[in-house]
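Enquirer: My numbering numbers the first residue of the sequence shown as -7 and each following residue consecutively. Where is the CB? At the ideal position from N, CA and C, for every residue including glycine. Predicted, not measured: the structure shown is a model, and the values here were computed from it. One structure is given below, represented as structure tokens, and several questions about it will come after.
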Amino acid sequence: MRTRRAIRQWLGAAACVAAIAAITPLSSAEAAPPSLLPLNVTNNSGRGEQVYLYVLGVNLNTGRLGYVNASGTFTPWPAGSLPPSPAPDVAISGPGSGATSTLQIPINLSGRMYMSFGEKLKFFLTPDGLVQPAPWNPSDPNRNILFDWSEFTYNPSGLWLNSSQVDMFSVPHAVGVTGSSGATKQAGQLVADGRNRIFDAVAGVPGGWSGLINTRADGTRLRVLAPRLGIETGTFSATYLDSYINQVWTTYQSTTLTVVPFQQQPGLQYFGRVSGTAMNFTNASGAQVASFQKPLTKDVFGCDGRLAAPNDQVVGPIARSLCAAFHRSTLGFIHTAPTYNASEFYTRAITDHYSKIMHANMVDGRAYGFAFDDVGGFESLVHDGDPRSAQITLTPFGAGSPPPPPPPPPGGVIVEAEATANTLSGAAARRACTACSGGQMVGNIGNGAANSVTVNNVNVAAAGSYELTIRGLVSGTRSFGVSVNGGAASTVSFTGTSWSTPISRTATVTLNAGANNIRFFNNTTWAPDLDRIEVRSTGTPPPPPPPGGSTNLYLLAGNALGGAAGGPGSLPITSAGGVNHDGTPFNAQVLTSGALNLTYNGGATAFDLFVDSGSAGNGTQLRVSYDLTGNGSWDRVETYRYFATDPVNGYEHYTGSLQSSTGALGNLVNGRVRVEVWNAIGNGASSVGIGNQSVINLPYL
């Protein structure tokens, strides 16, 4: 059992990644990244302890291990000894609650930024390098400290920054990078109350998974360990995956596994068959190129041992593909690996529940749950080839302020399918979904009466007829049976082209005053996956008051934004003309508010737009801009991911997530807000609802 892991191990891997990245030349349009990159560390954790930061890594020019101070100066470590000697105290005082500290990261550095709460970390030096904390070891001096880390490589080809959960999950944090264009990329943001949801979910998985949770004597839940570390320390079963591994080996004695290791090279394929205890792979010419002995559970969870992936172009990529397919429990069921359809991941009873839970609790569905979670691009990584700043945000430990959900439709309510108050029966299960509004959806509905989801507590003020909008995902044609309060069922049919992009269908239902339950099922065949439902009165609703702590602006006739909802109407949106205008307004409808004097509440913009593209499938996009002082300069510009409309007449709800942003929000003093709506892709015209149909929820009091 490893007691502590020398930092040289992971730095070697990071340096290898950096070397690969470094051979990618800068285009003539790209400037060289700055020699010092600002890293803004924001403390939105809600905790009161002192935060300590450490920037440690390897100088890619010299290969020396060392540390970086707040101003970006790299210093090599002094020589170590045996037994290990204490390393110098190189802690940087971090930001207080609600504050931001800016560090400088020098170019040609690959390493980690550690963050700890309430106590400094203990590092040690040996003749071979730095010994990093290994809190899974009961005797490690950092065992009872609340801490975590992000990993990065910064070289002339840009910045790679990730919030890794490969070893453990402890401190929730999101990462971001802003490039020279001003666009910001983000990853690692948890859903509301995500940290508690992760701990609770792991504790609830049968079969010994709760043993992966480390809890301090004062009751603080410190971390969830990855299963491979649980095996090392004897807190998790070393045979957990054995029956699944045996099943896979049996399957491929008579079935060929096709591995297509590079997504951009679909013609490069290798073919695997099991003979005895080995899975042997041949190329298109029939020559054997790789062979793997049947792995142990620890080999799969660690992506090493009998599944070790050398840094080559054949054996390593095949091993990565096998390991990813094992973790996602698609191997043995889908005979081409890897598969990139996330709805197929983690659907078996024996699976990597740790990684499954991490992905399910990320807003965008991306996490680094195991070493090769980057197969298919499902990792919580951001990259920019010409960065200008980076961000690490320590996010709430409790139910505090992740990005707010979309506002309910005027006069109505939105309920996510994956909400914990809902009832999932049979095989129905929550899954990560990048394009879904809550970062999750519910799959495995139908194919028998046992597999259903009941959306509970759909509350309306008055009994009557309501419009029910169902957001689902499907490739092909499937249908839901829909039953309200146990009554007679109606059928709602979906025809779509993607298991990753939600589409909407609308039905009319009769609801009681107060709480209602709506069941989705299919007793004979599989149903679509379910993202969420939206309910609104079929009558014209009165203008709702702004929700507590925020301000609503409605899209109005005359290209205005106003605080009072008018009657329903629409504005036309011209066709994109078959050209990609993603991120760049094209013949946009532009709506502007009057002078506003409002106080920023620290939150984020949200919206709900009615859009309809008729029989065309378009991508409708939104940009919201803030002029904080009314001087004509747009201080904050937010561009949202376009909404893929379905080719069916009828309004859909556009509530997309942030794609990029520039600038910062602040108080509005005689300020203005501008909304731009356009078609980013497609060949047809669209329309956007106005009046009481489309609303922008501003993070202002």
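Could you check the C-alpha separation between Pro537 and Tyr546 for me, to the nearest Å?
Expert: Because the pLDDT of Pro537 is 36, which lies under 50, any placement of that residue in the model is unreliable, and the number read from its coordinates should be weighed accordingly. Computed Cα separation, rounded: 12 Å.
Enquirer: Report the start-end ranges of each beta strand (DSSP E) in the stretch 270 to 351 that is 3 residues or longer and not cut off at the edges.
Expert: 270 to 274, 280 to 285
Enquirer: Please classify Pro219 as buried or exposed, where buried requires at least 16 neighbouring CB atoms within 10 angstroms.
Expert: buried
Enquirer: Comparing C-alpha positions only, which one of Gly561, Leu503, Leu460, Gly488 sits nearest to Gly479?
Expert: Leu503
Enquirer: Around the C-beta of Pro198, are 16 or more other C-beta atoms found within 10 angstroms, so that it is buried, or is it exposed?
Expert: Around the CB of Pro198, fewer than 16 other CB atoms lie within 10 Å, so the residue is classed as exposed.
Enquirer: Can you tell me whether Asn579 is buried or exposed? The criterion is at least 16 other CB atoms within 10 Å of its CB, across all chains shown.
Expert: exposed
Enquirer: Using DSSP bridges, identify the partner residues of Trp491.
Expert: According to DSSP, which records beta bridges pairwise, Trp491 is partnered with nothing at all.
Enquirer: Comparing alpha-carbon positions, which option in Ile525, Pro78, Leu690, Met105 lies nearest Thr118?
Expert: Pro78
Enquirer: Once you ignore the five residues that flank Leu18 on each side, which residues in its own chain have a CB closer than 6 Å to its CB?
Expert: In this prediction, Leu18 has a pLDDT of 40, which is less than 50 and means its spatial position is unreliable; what the coordinates show is noted afterwards. Excluding sequence neighbours, Leu18 sits near nothing in its chain.
Enquirer: Is it buried or exposed, Phe254, if we count other Cβ atoms within 10 angstroms and call 16 or more buried?
Expert: exposed
Enquirer: Here's the rule: buried if 16 or more other CB atoms are within 10 angstroms of the residue's CB, otherwise exposed. What is Val582?
Expert: An exposed status is given to Val582, since fewer than 16 other beta-carbon atoms sit within 10 Å of its beta-carbon.
Enquirer: Report all residues from its chain with a CB closer than 7 Å to the CB of Thr227; omit the five preceding and five following residues, and keep chain order.
Expert: Gly203, Leu204
Enquirer: Between Phe293 and the rest of its own chain, which residues show a CB-CB distance below 6 Å, the 5 nearest in sequence each way excluded?
Expert: Pro219, Arg220
Enquirer: Where in the stretch 447 to 499 do unbroken runs of the alpha helix (DSSP H), each at least 4 residues long, occur, reported from the N-terminal end onward?
Expert: none
Enquirer: Based on Cα-Cα distance, which residue from Ala279, Asn134, Ser149, Leu153 lies nearest to Arg208?
Expert: Asn134
Enquirer: Under 8 Å by Cβ, that's how I've got Leu588 and Val665 pegged, so tell me the actual separation to the nearest angstrom.
Expert: The Cβ separation is near 7 Å, so the contact holds.
Enquirer: Are the CB atoms of Val251 and Ala329 within a distance shorter than 8 Å?
Expert: Against a cut-off of 8 Å, the Cβ pair of Val251 and Ala329 comes out as a contact.
Enquirer: Would Gln280 be called buried (16 or more neighbouring beta carbons within 10 Å of its own) or exposed?
Expert: exposed
Enquirer: Taking 6 Å as the limit between beta carbons, can you name the residues of its chain near Ser63, skipping five residues before and five after?
Expert: So the list reads Gln96, once near-sequence residues are dropped.
Enquirer: Applying the 10 Å Cβ sphere with the 16-neighbour rule, what's the burial state of Ser347?
Expert: buried
Enquirer: Within 10 angstroms of the Cβ of Pro564, are there 16 or more other Cβ atoms? Answer buried if so, exposed if not.
Expert: By the beta-carbon neighbour count (other beta carbons within 10 angstroms, threshold 16), Pro564 is exposed.
Enquirer: What is the DSSP secondary structure of Ser85, counted as helix, strand or coil?
Expert: Ser85 falls in the strand class under three-state DSSP.
Enquirer: Cα-Cα, which of Pro691, Asp365, Met350 is closest to Ala596?
Expert: Pro691
Enquirer: Helix, strand or coil: how does DSSP classify Leu74 here?
Expert: coil
Enquirer: For Tyr360, which of helix, strand or coil comes out of DSSP?
Expert: DSSP places Tyr360 in coil when its eight states are reduced to three.
Enquirer: Starting from Ala598 and walking both ways along the beta strand (DSSP E), at which residues does that stretch end?
Expert: 598 to 604
Enquirer: Measuring alpha carbon to alpha carbon, tell me which residue in Leu460, Arg524, Thr92, Ile510 is nearest Gly435.
Expert: Arg524
Enquirer: In chain order, what residues of the same chain have a beta carbon less than 7 Å from the beta carbon of Gly676, not counting five sequence neighbours either side?
Expert: Ser567, Ser605, Gly606, Ala608, Asn610
Enquirer: Between the C-alpha atoms of Pro534 and Leu620, what's the straight-line distance to the nearest angstrom?
Expert: The pLDDT assigned to Pro534 is 36, lower than 50, so where the model puts this residue is not dependable, and the model offers no usable value.
Enquirer: Which residues in the same chain have their Cβ closer than 8 Å to the Cβ of Leu113, if we skip the five residues on either side of it in sequence?
Expert: Tyr44, Tyr46, Ala83, Tyr106, Pro125, Asn134, Ile137, Phe139
Enquirer: What does DSSP give as the partner residues of Leu52 in its beta bridges?
Expert: None, per the DSSP bridge assignment.
Enquirer: With a cut-off of 8 Å on the beta carbons, I'd call Gly468 and Cys425 a contact; round off their distance for me.
Expert: 18 Å between Cβ atoms; not a contact.
Enquirer: Less than 8 Å between the C-beta atoms of Ser485 and Ser471, yes or no?
Expert: yes
Enquirer: Spatial neighbours of Trp626 within its chain, please: C-beta separation below 8 Å, excluding the five flanking residues on both sides.
Expert: Ser617, Tyr618, Asp619, Gly655, Arg666
Enquirer: List the whole-angstrom C-beta distance separating Val307 from Ala282, where the pair is believed to meet the contact cut-off of C-beta under 8 Å.
Expert: 5 Å
Enquirer: Evaluate Asn61 with the Cβ neighbour count: other Cβ atoms within 10 Å of its Cβ, from every protein chain shown; 16 or more gives buried, anything less gives exposed.
Expert: Exposed is the call here.
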